[in-house]
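According to this note's numbering, the sequence shown is numbered sequentially starting from 34.
All residues carry an ideal CB built from backbone N, CA and C; glycine is no exception.
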Amino acid sequence: MLFGFIIWTPWIIINNSNIMNKNYLKLLIILCSVFHISCDAKKEELPRNQKEIITVIEAQYDLLFDAIQINKDTKKYLPRNNRNGKIGYISSYDWTSGFYPGSLWNIYKLTNNDRWKNRAIEYTERMDSVKYFTGNHDIGFMIEGSFGNAIKAMNTAKYDSVIVQSAKTLAKRFRPKAGIIQSWNSSEKWDCPVIIDNMMNLELLIHATQISGDSTYYNIAVQHADNTLKNHFRKDGSSYHVLDYDRESGAVLARKTHQGYADDSAWARGQAWGLYGFTVMYRETKDIKYLDQAIKIAAFINTHPNLPKDQIPYWDFDVEGNKDTPRDASAAGITASALLELCSYVDSSTKSTYVNWATSIVNNLSSKEYLAEIGTNNGFILKHSVGSLPHKMEINVAINYADYYYLEALNRLNRLK
Numbered sequence: 034m035l036f037g038f039i040i041w042t043p044w045i046i047i048n049n050s051n052i053m054n055k056n057y058l059k060l061l062i063i064l065c066s067v068f069h070i071s072c073d074a075k076k077e078e079l080p081r082n083q084k085e086i087i088t089v090i091e092a093q094y095d096l097l098f099d100a101i102q103i104n105k106d107t108k109k110y111l112p113r114n115n116r117n118g119k120i121g122y123i124s125s126y127d128w129t130s131g132f133y134p135g136s137l138w139n140i141y142k143l144t145n146n147d148r149w150k151n152r153a154i155e156y157t158e159r160m161d162s163v164k165y166f167t168g169n170h171d172i173g174f175m176i177e178g179s180f181g182n183a184i185k186a187m188n189t190a191k192y193d194s195v196i197v198q199s200a201k202t203l204a205k206r207f208r209p210k211a212g213i214i215q216s217w218n219s220s221e222k223w224d225c226p227v228i229i230d231n232m233m234n235l236e237l238l239i240h241a242t243q244i245s246g247d248s249t250y251y252n253i254a255v256q257h258a259d260n261t262l263k264n265h266f267r268k269d270g271s272s273y274h275v276l277d278y279d280r281e282s283g284a285v286l287a288r289k290t291h292q293g294y295a296d297d298s299a300w301a302r303g304q305a306w307g308l309y310g311f312t313v314m315y316r317e318t319k320d321i322k323y324l325d326q327a328i329k330i331a332a333f334i335n336t337h338p339n340l341p342k343d344q345i346p347y348w349d350f351d352v353e354g355n356k357d358t359p360r361d362a363s364a365a366g367i368t369a370s371a372l373l374e375l376c377s378y379v380d381s382s383t384k385s386t387y388v389n390w391a392t393s394i395v396n397n398l399s400s401k402e403y404l405a406e407i408g409t410n411n412g413f414i415l416k417h418s419v420g421s422l423p424h425k426m427e428i429n430v431a432i433n434y435a436d437y438y439y440l441e442a443l444n445r446l447n448r449l450k
């Protein structure tokens with residue numbers, strides 16, 4: 034409409050000389066200026082279409098796949114990160130080991146290309162021995178990311194026994210008197226530490242109950258979620274990172290952080306883990322208190338005054354944010370994926386809010402600022418994640434779980450469409 038007005042204005046002036054006055058000229062100048070600004074706005078980077086994004090994803094993971102073949106027959110054969118221009122390798126027993134095969138499964142779901150399916154099967158089945166791993170609580174990440182995704186992608190019962198055995202292994206870390214799953218082993222620093230990340234391992238337990246019919250695993254998951262809900266969260270919906278429990282009485286001995294800015298701060302990825310974990314618990318139990326908690330966490334994140342405009346959080350919500358403060362793309366990807374499930378359990382107005390928010394996150398992660406250019410980043414997809422800043426580990430680098438949750442969010446967006 035503005036364009037039409039400007040085109041017709043000279044004809045109007047010529048044929049209506051009475052309106053040719055200073056006020057009209059001022060208005061014309063203002064309108065032309067506005068039109069110029071609107072044209073300039075179009076020069077900003079627009080969201081990439083899915084075809085372009087998938088082209089980048091496939092090219093990058095072809096590059097990464099080719100690069101890691103050199104370590105294929107070693108103990109450390111899985112890619113975890115890209116630091117200082119080199120791929121960081123891990124064994125099957127690193128807590129992030131399930132994310133590479135999980136990303137392959139996510140790419141298969143995005144493309145329906147058997148090349149990715151075959152690679153995913155290979156790297157998933159190499160992790161079979163993890164089902165006996167008792168070193169920490171992260172077996173849920175490791176097994177659901179790999180075998181859990183395989184079961185969903187192929188609609189198969191082939192790996193059901195792996196899920197059940199893994200749940201048996203995880204259940205050994207359950208402390209019945211305290212009603213929680215111990216995250217890390219006891220040490221001089223901790224008696225019975227439980228981290229918010231542990232909410233992400235409960236899906237494995239519930240999956241095992243669905244397969245086996247044994248409610249033991251389900252009941253452990255519910256007890257852990259209930260005690261996390263009771264003890265881990267502040268009134269504003271944010272969570273502590275680490276709680277230290279007395280294994281006998283269940284009393285909370287301390288509320289601390291391990292990877293956050295301070296004991297009372299809101300570590301960004303921790304908030305995302307909580308959001309995702311309680312969304313899963315509502316899906317599996319339909320207990321409204323889990324839905325309420327997920328909504329409360331989402332509100333905390335969405336309304337936080339320190340959340341950048343592009344929705345990619347700083348590594349901790351309580352640090353001073355400036356151009357040099359590290360962002361955490363992994364926390365953003367986890368949040369987006371969680372929102373794209375949570376939106377299915379809320380009213381239409383809230384659903385629209387969550388979908389728009391998650392879409393904005395995905396679009397921003399797909400921008401040149403965060404999505405690697407083809408041939409760079411050693412094949413990883415996303416840039417700018419933070420592992421543990423207090424430990425000076427994985428700061429502003431590519432990390433495999435950032436790729437995983439970004440890819441999962443893309444798949445969830447597709448299903449909504």
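Using DSSP bridges, identify the partner residues of residue i.
i, result
"residue 475", "No statement about residue 475 is possible, as the shown extent of the chain runs from 34 to 450 and does not include it."
"residue 287", "277"
"residue 314", "Residue 314 is not bridged to any residue."
"residue 419", "428"
"residue 440", "Residue 440 is not bridged to any residue."
"residue 404", "415"
"residue 300", "349"
"residue 214", "207"
"residue 266", "272"
Reducing DSSP to helix, strand and coil, say where residue i ends up.
i, result
"residue 356", "coil"
"residue 143", "helix"
"residue 206", "coil"
"residue 160", "coil"
"residue 347", "strand"
"residue 195", "helix"
"residue 395", "helix"
"residue 282", "coil"
"residue 340", "coil"
"residue 330", "helix"
"residue 382", "helix"
"residue 272", "strand"
"residue 61", "Only weak support exists for where residue 61 lies, its pLDDT of 38 falling under 50; the value from the coordinates is given anyway. In the structure shown, residue 61 sits in a helix (DSSP, three-state: H, G or I)."
"residue 82", "coil"
"residue 361", "coil"
"residue 292", "coil"
"residue 377", "helix"
"residue 188", "coil"
Measuring straight from C-alpha to C-alpha, what distance separates residue i and residue j?
i, j, result
"residue 425", "residue 295", "15 Å"
"residue 96", "residue 252", "43 Å"
"residue 157", "residue 329", "35 Å"
"residue 265", "residue 304", "11 Å"
"residue 383", "residue 220", "44 Å"
"residue 229", "residue 110", "28 Å"
"residue 333", "residue 357", "24 Å"
"residue 376", "residue 391", "10 Å"
"residue 267", "residue 355", "26 Å"
"residue 374", "residue 91", "25 Å"
"residue 37", "residue 343", "Any reading at residue 37 must be qualified, since the residue scores a pLDDT of 38, below 50, and its modelled position is unreliable; no value is offered."
"residue 318", "residue 309", "14 Å"
"residue 243", "residue 255", "14 Å"
"residue 297", "residue 231", "19 Å"
"residue 224", "residue 399", "42 Å"
"residue 124", "residue 381", "44 Å"
"residue 352", "residue 388", "27 Å"
"residue 300", "residue 279", "24 Å"
"residue 325", "residue 372", "13 Å"
"residue 401", "residue 174", "29 Å"
"residue 431", "residue 418", "6 Å"
"residue 107", "residue 100", "14 Å"
"residue 149", "residue 129", "19 Å"
"residue 289", "residue 218", "16 Å"
"residue 74", "residue 180", "Confidence at residue 74 is low in this model, with a pLDDT of 34, below 50, so its placement is unreliable and the value that follows should be read with caution. Spanning the two alpha carbons is a distance of roughly 46 Å."
Mind reading off the beta-carbon distance from residue i to residue j? Whole number of angstroms is fine, and I expect it under 8 Å.
i, j, result
"residue 176", "residue 195", "7 Å"
"residue 127", "residue 116", "Going by Cβ atoms, the distance from residue 127 to residue 116 rounds to 15 Å, so no, they are not a contact pair."
"residue 89", "residue 440", "The Cβ separation is near 12 Å, so there is no contact."
"residue 414", "residue 93", "5 Å"
"residue 216", "residue 257", "No, residue 216 and residue 257 are not in contact; Cβ-Cβ is about 10 Å, not under 8 Å."
"residue 132", "residue 433", "4 Å"
"residue 154", "residue 163", "Going by Cβ atoms, the distance from residue 154 to residue 163 rounds to 16 Å, so no, they are not a contact pair."
"residue 212", "residue 283", "6 Å"
"residue 250", "residue 183", "At roughly 19 Å, the Cβ-Cβ gap does not stay under 8 Å, so residue 250 and residue 183 are not in contact."
"residue 444", "residue 142", "5 Å"
"residue 366", "residue 435", "6 Å"
### Query
Enumerated in chain order, which unbroken segments of the alpha helix (DSSP H) with a length of 4 residues or greater are wholly contained in the region 220-264?
List check, alpha helix (DSSP H) in window: 235-245 and 249-264.
### Any alpha helix (DSSP H) of 4 or more consecutive residues that is wholly inside the region 161-185
172-176
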